[in-house]
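Below is one structure; the comments refer to it alone.
In this note's numbering, the protein residues as written are 497 to 623.
What follows is the structure, given as structure tokens:
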């Protein structure tokens with residue numbers, strides 16, 4: 497059995513962890529960190545302490561009315577992509593434990609496209 501990182505759970509919500517395959521389970525926000533436990537296999541879990549989280553990047557659509565997914569970037573272990581049934585509540589609970597300046601919006605499709613085209617243009621100019 498897996499031992500929880502948290503002593504007290506502040507929020508438990510249904511969520512999805514995106515790896516090679518999607519894992520459906522429970523997201524737990526607590527006093528010690530962020531946790532995800534898969535419904536089918538409890539041995540499949542993610543535990544991230546609050547001091548390990550570097551940045552939370554949220555994808556916003558329709559002016560912030562819909563948040564389809566968010567990515568947690570850690571200081572050492574890469575990034576993890578999650579979706580929650582109630583993403584606003586999850587992100588609000590996370591901002592209680594991490595600096596709100598470290599919760600940012602993801603770039604939109606047009607911003608990504610513009611940035612990539614500028615990069616290609618500058619590479620061609622430098623040759």
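C-beta atoms are modelled at their ideal positions from N, C-alpha and C, and glycine is treated no differently. All of these numbers come straight from a predicted model, not from anything done at the bench.
For the alpha helix (DSSP H) containing residue 617, name the first residue and the last one. Taken as a continuous stretch (DSSP letters only), the alpha helix (DSSP H) holding residue 617 covers 605-622.
Coil, strand or helix - residue 483 by DSSP: The chain is shown only over 497 to 623; residue 483 falls outside these bounds and no answer can be derived.
Note the first and the last residue of the continuous alpha helix (DSSP H) segment covering residue 579. Boundaries around residue 579 are those of the beta strand (DSSP E), 575-580, since no alpha helix (DSSP H) includes it.
Contact between the stretch 505-518 and the stretch 547-558 is defined here as three or more beta-carbon pairs at a separation below 8 angstroms; is this criterion met? As far as the Cβ criterion goes, the stretch 505-518 does not touch the stretch 547-558, which means the pair count is below three.
If you run the structure through DSSP and keep just helix, strand and coil, what is residue 595? In the structure shown, residue 595 sits in coil (DSSP, three-state: anything other than H, G, I, E or B).
Residue 534 - DSSP class collapsed to helix/strand/coil: In this structure, residue 534 counts as strand in the three-state DSSP scheme.
Determine the direct distance from the alpha carbon of residue 568 to that of residue 584, and round the result to whole angstroms. Going by the C-alpha atoms only, they are around 15 angstroms apart.
Among 608, 504, 617 and 604, which residue has its Cα nearest to the Cα of residue 558? Residue 558 has its Cα closest to that of 604, out of 608, 504, 617 and 604.
Could you name the residues of the same chain whose beta carbon sits closer than 7 angstroms to that of residue 586, not counting the 5 residues immediately before and after it, in chain order? Same-chain partners within the cutoff: 507, 509, 523, 525 and 580.
Could you tell me which residues DSSP pairs with residue 555 in its beta bridges? By DSSP's assignment, residue 555 forms a beta bridge with 565.
Skipping 5 residues on each side, what residues in its chain have a beta carbon closer than 6 angstroms to that of residue 575? Taken in chain order, the residues that qualify are 567 and 569.
Residue 528 (DSSP reduced to helix, strand or coil): Residue 528: coil per DSSP, three-state reduction.
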